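Have a look at the structure below before the remarks.
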Amino acid sequence: MDIIRSINSACFLHRMFRTLLINAYLFSTRLSGGNCTQHGGWYPSSFPFNKCYFSNRTQHGYGRGYFSAISPHTCTSDDNAMVARAGLPLQDLEFVQFHPTGIYGAGCLITEGSRGEGGILRNSKAERFMERYAPTANDLASRDVVSRSMTN
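In the numbering used here, the protein residues as written are -3 to 148.
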């Protein structure tokens, strides 16, 4: 709770926000002159739900946008989808990280340490593919190299 109190204090001092709402959900975006001026949502702090409007937003992750994930089920990036549907551009998406190794069809992840213990990455044809993208590191390549090789 100390970190939430500190963030609220910083928001008040910098007059960026009136209040920081934790676990508030967005459902609409209002545009004015091509700019996003307000987000509508609800804040389920008590029953009945309180409607609220946001002038700024932050998000807490994309994790559940991928089949294999350990992120909380609320990390779906619905807010970015809402902004894109409103016709606004999304930026810096190349910085979105995901975990490149999982068990296909099971939805669970495998620690990257398993590659250090001799685990081998294979594509849908059961071929080792990392030799083409990282000839010296092979299956021990870093997460970003493995991720890029999977999308090529």
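The beta-carbon is built from N, C-alpha and C at its ideal position, and this holds for glycine as well. Fair warning: this is a prediction, and the values are worked out from it, not measured in the lab.
*Check the DSSP bridge columns for residue 98 and list the partner residues they point to.*
Looking up residue 98 in the sequence shown gives position 102. Note: residue 98 sits in a beta bridge opposite 105.
*Bridge partners - residue 124, DSSP secondary structure assignment*: By one-based count along the sequence shown, residue 124 stands at place 128. 118, per the DSSP bridge assignment.
*What's the C-alpha gap between residue 105 and residue 70?*
To locate residue 105, count along the sequence shown from 1; it is residue 109. To locate residue 70, count along the sequence shown from 1; it is residue 74. Answer to the nearest angstrom: the Cα atoms are 18 Å apart.
*Should residue 111 be labelled buried (16 or more other beta-carbon atoms within 10 Å of its own) or exposed?*
As a first step, residue 111 is located in the sequence shown; it is residue number 115 there, counting from the start. Residue 111 comes out buried.
*Roughly how far, in whole angstroms, is the beta-carbon of residue 139 from the beta-carbon of residue 108, given that I think they are within contact range, below 8 Å?*
Residue mapping note: residue 139 aligns to position 143 of the sequence shown, counting from 1. Residue mapping note: residue 108 aligns to position 112 of the sequence shown, counting from 1. With 8 Å as the limit, residue 139 and residue 108 qualify as a contact, their Cβ atoms being about 7 Å apart.
*Count the C-beta pairs between the stretch 127 to 145 and the stretch 89 to 97 that are closer than 8 Å, then say yes if the count reaches three, no if not.*
yes
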